[in-house]
Structures are given as structure tokens and as C-alpha cells.
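Chemist: Provided herewith is a single structure, encoded as C-alpha cells, for subsequent inquiry.
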Amino acid sequence: MTDLRLDATQLDRYSRHVIMDEVGPEGQKRLLEGSVLVVGAGGLGSPAIQYLAAAGVGRIGIVDDDVVERSNLQRQIVHGDGDVGRPKVDSAADYVAALNPDVDVETNELRLTADNVGNLVADYDVVLDASDNFATRYLLNDHCVLTETPLSHGAIYRFEGQVTTFTNERTGEDDPPCYRCIFPEAPEPGTVPDCATTGVLGVLPGTVGCIQATEVVKYLLGKGDPLEGRLLMYDAMDMSFEEVPVRPNPDCPVCGDDPEIESVSDVAYEGTCEISAD
């Protein structure tokens with residue numbers, strides 16, 4: 048045990064992991080040495096951050112440029128009433144600090160752009176997309192495909208959610224799909240209303256964000272089968288899950304046979320997130 052660098056306090060904290068054959072002290076060490084960039088500290092990011100920190104993921108980066116509003120508290124459970132008006136990255140970091148001193152949190156109070164995505168993602172093992180807009184989803188997808196960075200995707204709408212994992216391991220044979228293989232371009236602006244317009248069931252992001260965190264923990268452990276090539280659809284009203292197979296699209300503009308996107312600078316990440324004409 049001493050060689051695995053888990054002290055007595057850690058052996059106690061992570062004891063339910065350590066006794067599992069699939070994790071054990073070596074697996075817990077991998078989690079403590081792992082790093083995750085969580086983009087978005089809202090509905091999906093809140094449960095993901097909580098459970099990644101509780102599991103002992105040693106370094107968590109949080110990207111969000113928003114402040115806590117009272118209307119967030121119905122679902123964004125990493126924040127409290129006393130945090131209203133504070134940057135979300137700060138209140139999320141305080142939550143993690145109180146939960147697990149083993150975890151280092153790196154806060155980035157900014158909006159993800161094509162100019163900063165490279166520096167933000169480069170230092171992490173895996174990215175968890177907990178964003179709430181198409182521009183960020185497509186930007187993260189394209190950058191993670193181009194850099195072969197694993198990406199966990201989640202999205203919610205009213206009573207429904209979806210989750211999948213893109214490992215982005217590319218060898219030239221049987222390469223996995225990416226987000227653009229499913230959705231080549233974003234819908235026209237204004238055609239998909241946000242939760243401020245349509246509402247969202249408060250507990251819904253808890254389920255979806257926890258699934259994302261589960262996928263990330265499995266990846267860091269190197270255990271289990273990821274949701275790669277499978278889009279998991281969740282309907283809270285029916286309490287049902289449906290798995291939709293996802294195949295690589297040979298015409299995908301970023302991971303297809305003849306990709307048009309060679310850099311995130313090739314894409315205008317507004318509107319339909321389409322490739323720039325020039």
C-alpha cells in the first residue's frame with residue numbers, strides 16, 4: 048500500500064474503491080493522477096464536478112464565464128443561495144475544496160473560443176462537455192477530434208437527455224464517430240429554444256451529468272465499455288433509456304475520408320457552426 052502512495056486518510060476516504068477488484072489502490076492512484084476539464088458549471092457540470100471530485104480525480108479544470116443566478120439553484124446543485132452573484136467557477140471550486148482536499152481545481156472564468164481552446168484543453172486527460180450552446184459543443188468536438196482528446200458529451204431538454212463518449216482514438220482503420228457524424232451542422236439560430244424559454248426538470252441534469260462523470264471515471268481507470276458509437280437517450284417522463292447506434296460518417300467534415308476542417312480557425316462557431324467560405 049505504501050508503494051502506491053495512498054496514505055491512511057486516503058485509504059479510508061476511498062475504501063469503497065480500494066476493495067473493488069476493478070479499481071483497487073492502483074486504480075485509485077490513477078484517478079488521483081488524472082485530470083478532467085469540465086466546460087460548463089451549470090446543470091450538467093454541477094453533478095459531474097461533484098462526483099469527479101468525490102471519486103478523487105486529482106485535477107479538475109472548470110470553464111465558465113457566467114455568474115450564479117437564483118433561477119439556477121433548482122438544478123445547478125454545486126451552487127447555494129449564498130453564491131448568487133458570484134462567478135460559477137468560484138462557487139464550484141469552493142464546493143470541491145470543502146468536499147475533497149485531494150483535488151486541485153483550476154478555474155477559468157471565460158468563454159471558450161477558437162483562440163483559447165487549445166491552451167485550455169492541452170493539459171488535461173479528458174474533456175467533459177457540460178455546455179448549453181451549440182457553438183461550444185462544435186468547437187470542443189472539432190478541437191478534440193483534431194487533437195485526439197477524449198470527449199464526454201451530454202445535453203438536456205425539458206424532460207429528455209442524451210449522452211455519448213467520443214474517445215477520438217484515430218488509427219486510420221475503424222475510427223470512431225464524432226459529434227459532427229451525428230449532427231453535421233447546428234440548427235438555425237432560434238429554432239431550438241433554451242431552458243429559460245421552455246423550462247427543464249430540475250433533477251434531469253443530475254442523471255445525465257452523473258452518466259457523463261461515470262464515463263470519465265471509467266476512461267481514467269481504463270475499465271468497462273464506453274458509450275462510443277452509442278448515443279444514450281433518456282426520457283425522464285417515461286423513465287426509459289434508448290440506445291441509438293452511431294456510425295462514422297465518411298463525409299464528416301472533421302473526421303471523414305476527406306475532411307474540410309483542419310483547424311478550428313476554419314469554422315465560424317456561431318449560427319450553424321459551418322465551415323468558413325474562405
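Residue numbers (our numbering): 48 to 325.
The beta carbon of each residue, even a glycine, is placed where N, CA and C say it ideally should be.
N155 and G108 - do their beta-carbons sit closer together than 8 Å?
Modeler: Along the sequence shown, one-based indexing puts residue 108 at 61. Along the sequence shown, one-based indexing puts residue 155 at 108. It is a contact, given that the beta carbons lie within the stated cut-off.
Chemist: Can you give the Cα-Cα distance for V164 and L187, rounded to whole angstroms?
Modeler: By one-based count along the sequence shown, residue 164 stands at place 117. By one-based count along the sequence shown, residue 187 stands at place 140. Their backbone Cα atoms lie some 8 Å apart in a straight line.
Chemist: Would you give the residue range spanned by the beta strand (DSSP E) that L53 belongs to?
Modeler: Mapped onto the sequence shown, residue 53 falls at position 6. Run containing L53: none; DSSP gives neither H nor E here.
Chemist: Contact defined as beta carbons within less than 8 Å: I believe A233 pairs with A177. What is the distance between those atoms, to the nearest angstrom?
Modeler: Sequence index remark: in the sequence shown, residue 233 carries index 186 (1-based). Sequence index remark: in the sequence shown, residue 177 carries index 130 (1-based). 17 Å between Cβ atoms; not a contact.
Chemist: Thinking C-beta only, is G105 closer than 8 Å to D339?
Modeler: For residue 339 there is no data in the structure shown, the boundaries of the chain being 48 and 325.
Chemist: DSSP puts D282 in a beta bridge; with which residues?
Modeler: As a working mapping, residue 282 is identified with position 235 in the sequence shown. DSSP lists E207 and S287 as partners of D282.
Chemist: If you scan the region 235 to 278 from start to end, which runs of the beta strand (DSSP E) of 3 or more residues do you find wholly inside it?
Modeler: You should have found no qualifying run.
Chemist: Could you check the C-alpha separation between A102 and A139 for me, to the nearest Å?
Modeler: Position 55 of the sequence shown holds residue 102. Position 92 of the sequence shown holds residue 139. If I take the Cα positions, the gap works out to 16 Å.
Chemist: Do you know offhand how far M48's Cα is from T56's?
Modeler: For the purposes of this step, residue 48 is taken as the residue at position 1 of the sequence shown. For the purposes of this step, residue 56 is taken as the residue at position 9 of the sequence shown. With a pLDDT of 36 at M48, under the threshold of 50, the modelled position of this residue cannot be trusted; read the value that follows with caution. If you take the alpha carbons of M48 and T56, they lie about 12 Å apart.
Chemist: From R227 to L99, what distance separates their C-alpha atoms?
Modeler: In the sequence shown, the residue the question calls residue 227 occupies position 180. In the sequence shown, the residue the question calls residue 99 occupies position 52. Their Cα atoms are separated by approximately 27 Å.
Chemist: Can you confirm whether G201, when its beta carbon is compared against all beta carbons of chain D, has any partner nearer than 8 Å?
Modeler: No chain D appears in the structure shown, which is made up of a single protein chain.
Chemist: When you compare the CB positions of M267 and D149, do they come within less than 8 Å of one another, or not?
Modeler: Residue 267 sits at position 220 when you count from the first residue of the sequence shown. Residue 149 sits at position 102 when you count from the first residue of the sequence shown. Note on residue identity: the sequence assigns Leu, not Met, to residue 267. No, Cβ-Cβ distance for L267 and D149 is not below 8 Å.
Chemist: For the beta strand (DSSP E) containing E153, name the first residue and the last one.
Modeler: Here residue 153 refers to the residue found at position 106 when the sequence shown is read from its first residue. It spans D151 to N155 - the beta strand (DSSP E) in which E153 sits, taken as one unbroken run.
Chemist: Taking G269 as the reference, which of P197, C320 and G132 has the closest Cα?
Modeler: As a working mapping, residue 269 is identified with position 222 in the sequence shown. It is P197 whose Cα lies nearest to the Cα of G269.
Chemist: For D176, list the residues DSSP reports as bridge partners.
Modeler: Position 129 of the sequence shown, counted from the start, is the residue given in the question as residue 176. Note: D176 sits in a beta bridge opposite V86 and H200.
Chemist: Tell me which same chain residues have a C-beta within less than 7 Å of the C-beta of V293, skipping the five on either side of it?
Modeler: Taking the sequence shown and counting its residues from 1, one reaches residue 293 at position 246. Same-chain partners within the cutoff: T211, P224, C228, I229, G276, R277 and L278.
Chemist: How would you label F288, buried or exposed, when you count the other beta carbons within 10 angstroms and need 16 or more for buried?
Modeler: If you number the sequence shown from 1, residue 288 lands on position 241. F288 should be labelled exposed.
Chemist: Find the nearest neighbour of G219 within the set G303, L84 and E73, judged by alpha-carbon distance.
Modeler: In the sequence shown, residue 219 corresponds to position 172, counting from 1. Closest by alpha carbon: G303.
Chemist: Indicate whether P236 and P300 have their beta-carbon atoms separated by less than 8 Å.
Modeler: The count along the sequence shown starts at 1 and reaches residue 236 at position 189. The count along the sequence shown starts at 1 and reaches residue 300 at position 253. Not a contact, by the Cβ cut-off of 8 Å.
Chemist: Exposed or buried, which one is R63 when buried takes at least 16 other CB atoms within 10 Å?
Modeler: Locating residue 63 in the sequence shown gives position 16, counting from the first residue. Under this definition R63 is an exposed residue.
Chemist: Give the secondary structure of I66 by DSSP, where H, G and I count as helix, E and B as strand, and everything else as coil.
Modeler: Along the sequence shown, read from residue 1 onward, the residue named residue 66 stands at position 19. Of the three classes helix, strand and coil, the one that applies to I66 here is coil, per DSSP.
Chemist: Rounding to the nearest angstrom, what Cα-Cα distance links D50 and V70 in this structure?
Modeler: Along the sequence shown, one-based indexing puts residue 50 at 3. Along the sequence shown, one-based indexing puts residue 70 at 23. Residue confidence for D50 is low, a pLDDT of 46 falling below 50, so the modelled location carries little weight and cannot support an answer.
Chemist: Which residue or residues does DSSP assign as beta-bridge partners of V110?
Modeler: Here the question's residue 110 lines up with position 63 in the sequence shown. Answer is V86 and N155.
Chemist: On the DSSP bridge list, what partners appear for F213?
Modeler: Your numbering for residue 213 matches position 166 in the sequence shown. BP columns for F213 point to L198.
Chemist: Could you check if G246 is buried or exposed, using at least 16 other CB atoms within 10 Å of its CB as the buried criterion?
Modeler: For the purposes of this step, residue 246 is taken as the residue at position 199 of the sequence shown. By the 10 Å Cβ count, G246 comes out exposed.
Chemist: In the structure shown, what three-state DSSP assignment does V314 receive?
Modeler: Looking up residue 314 in the sequence shown gives position 267. Looking at V314 - three-state DSSP - the assignment turns out to be strand.
Chemist: If you draw a straight line from the C-alpha of V136 to the C-alpha of D112, how long is it?
Modeler: Within the sequence shown, numbered from 1, the residue matching residue 136 stands at position 89. Within the sequence shown, numbered from 1, the residue matching residue 112 stands at position 65. Distance between the alpha carbons of V136 and D112 is about 8 Å.
Chemist: So what does DSSP say about I229, is it helix, strand or coil?
Modeler: On the sequence shown, residue 229 is found 182 positions in, with the first residue counted as 1. Reduced to three states, the DSSP call for I229 is helix.
Chemist: In the DSSP output, which residue or residues are listed as bridge partners for I96?
Modeler: Start at 1 with the first residue of the sequence shown, and residue 96 comes out as number 49. Looking at the DSSP assignment, I96 forms no beta bridge with any residue, so it has no partner.
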